[in-house]
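A.B. asks: If you scroll down you'll find the structure; I have some questions about it.
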Amino acid sequence: MKIALINCSPKTKDSNSEFLYQKLLTLFAGKAELLEMHLRKKELDEDSITHICECDTLLFIFPLYIDALPSHMTGCLVQLESVLKRYIPKKKRMVYAIANCGFYEGNQNKIALDILKCWCLKAGADWGYGIGVGGGGMLPMLGKSSADNGPMKNIIHSLDHFTDMILYGKTRNNIYISPGFPRFAYKFAAEMGWRQGIKRNGLKKKEIHRHAVNQIKQCKFKQSDS
Numbered sequence: 070m071k072i073a074l075i076n077c078s079p080k081t082k083d084s085n086s087e088f089l090y091q092k093l094l095t096l097f098a099g100k101a102e103l104l105e106m107h108l109r110k111k112e113l114d115e116d117s118i119t120h121i122c123e124c125d126t127l128l129f130i131f132p133l134y135i136d137a138l139p140s141h142m143t144g145c146l147v148q149l150e151s152v153l154k155r156y157i158p159k160k161k162r163m164v165y166a167i168a169n170c171g172f173y174e175g176n177q178n179k180i181a182l183d184i185l186k187c188w189c190l191k192a193g194a195d196w197g198y199g200i201g202v203g204g205g206g207m208l209p210m211l212g213k214s215s216a217d218n219g220p221m222k223n224i225i226h227s228l229d230h231f232t233d234m235i236l237y238g239k240t241r242n243n244i245y246i247s248p249g250f251p252r253f254a255y256k257f258a259a260e261m262g263w264r265q266g267i268k269r270n271g272l273k274k275k276e277i278h279r280h281a282v283n284q285i286k287q288c289k290f291k292q293s294d295s
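For the sequence shown, the numbering used here assigns the number 70 to the initial residue and increments by one for each residue that follows.
Listed below in structure tokens is the structure:
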């Protein structure tokens with residue numbers, strides 16, 4: 070089996086998708102032939118297309134962008150769709166995916182995974198299933214904890230199972246997971262940066278809220294004539 074492991078994050082380093090990508094590289098090591106690839110542009114070159122078409126399984130790892138796929142990834146999929154339809158020799162090709170987002174809830178990725186599933190129908194590929202990972206902003210930090218009982222337990226165990234399912238070409242319904250970390254604590258950590266910024270500028274949180282409310286009250290919305 071040859072698997073195309075494709076990181077679709079536009080970032081060149083330190084992305085949450087890259088963190089998941091590296092985890093999967095470790096899990097697949099010695100178990101399958103891997104094509105390691107990063108998509109950062111809106112078009113694929115001919116060599117990349119050829120290598121992808123030679124694979125039995127495509128595994129996309131990508132960040133959530135406004136409940137959908139990154140735009141450059143969409144461009145590559147449109148290009149790849151037409152090639153896969155006419156590629157000779159025809160072969161059964163499975164597609165899997167991991168979507169990650171900054172929201173705590175992993176099911177925020179549902180629409181994006183459904184979009185990729187629809188693409189499979191257009192491209193003549195078979196949809197395996199996807200994982201929606203929440204709490205993406207903390208993945209690199211939480212990844213240092215123990216996989217057995219730490220905050221990453223659910224995610225790591227899901228990736229282990231995901232690897233086995235891919236190797237055997239299995240399908241199932243999408244799953245959605247969040248880190249084993251309290252939601253209120255995640256929210257507090259996410260807001261820490263702007264709270265510190267307020268203090269550095271000698272302001273209070275209430276003043277920010279009051280200013281925002283006043284700005285909204287001062288806005289005048291004109292009804293459209295159409």
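No residue lacks a Cβ here, since even glycine has one placed at the ideal position from N, Cα and C. These numbers come from a predicted model, not from an experiment.
1. For LYS71, which beta-bridge partners are listed by DSSP?
2. Sort LYS82, LEU93, ASP83 and PHE88 by Cα distance to ALA73 and report the nearest one.
3. Would you decide whether THR81 is buried or exposed? Buried here means 16 or more other CB atoms lie within 10 Å of its CB.
4. Within 10 Å of its beta-carbon, does GLN91 have 16 or more other beta-carbons around it, so buried, or fewer, so exposed?
5. Leaving out the 5 sequence neighbours to the left and right, which residues in its chain are closer than 6 Å to GLY206 when beta-carbon positions are compared?
6. Please report the Cβ distance between VAL202 and ALA168, rounded to the nearest whole angstrom; I am assuming they are in contact, meaning their Cβ atoms lie under 8 Å.
7. For GLY266 and LEU272, I'd like the C-alpha separation in whole angstroms.
8. Specify the secondary structure class of LEU128 as computed by DSSP and reduced to three states.
9. Per DSSP, which residues does VAL164 bridge with? Please list them.
10. Judging by CA-CA distance, which residue of ASP195, GLY204, LYS71 and LYS268 is the nearest neighbour of THR240?
11. Given that a residue counts as buried once 16 or more other Cβ atoms are within 10 Å of its Cβ, and exposed if not, what is TRP263?
12. Between the Cα of ASP125 and the Cα atoms of LYS111, LEU108 and LEU153, which residue gives the shortest distance?
13. Compare the Cα-Cα distances from ALA192 to each of TYR237, CYS288, VAL164 and LYS110 and report the closest residue.
14. Excluding the 5 residues preceding and the 5 following ILE121 in the sequence, name in chain order all residues of the same chain whose CB lies nearer than 6 Å to its CB.
15. Measure the CB-CB distance between ALA137 and ILE184 and report whether it falls below 8 Å.
16. What does the alpha-carbon distance come out to for the pair LEU113 and VAL282?
17. With a Cβ-Cβ cutoff of 8 Å, do THR232 and PHE131 count as a contact?
18. Considering only their Cβ atoms, is the gap separating GLY199 from ALA166 smaller than 8 Å?
19. In angstroms, rounded to a whole number, what distance separates the CA positions of ASN223 and LYS286?
20. Suppose the cutoff is 7 Å on Cβ atoms and the five residues either side in sequence are ignored; what does the same chain contact list for GLY204 look like?
C.D. replies: Reading it off the structure:
1. GLU102
2. LEU93
3. exposed
4. exposed
5. GLY171
6. 7 Å
7. 9 Å
8. strand
9. LEU127 and TRP196
10. ASP195
11. exposed
12. LEU153
13. VAL164
14. ALA73
15. yes
16. 46 Å
17. no
18. yes
19. 45 Å
20. TYR173, SER247, PRO248, PHE250 and TYR255
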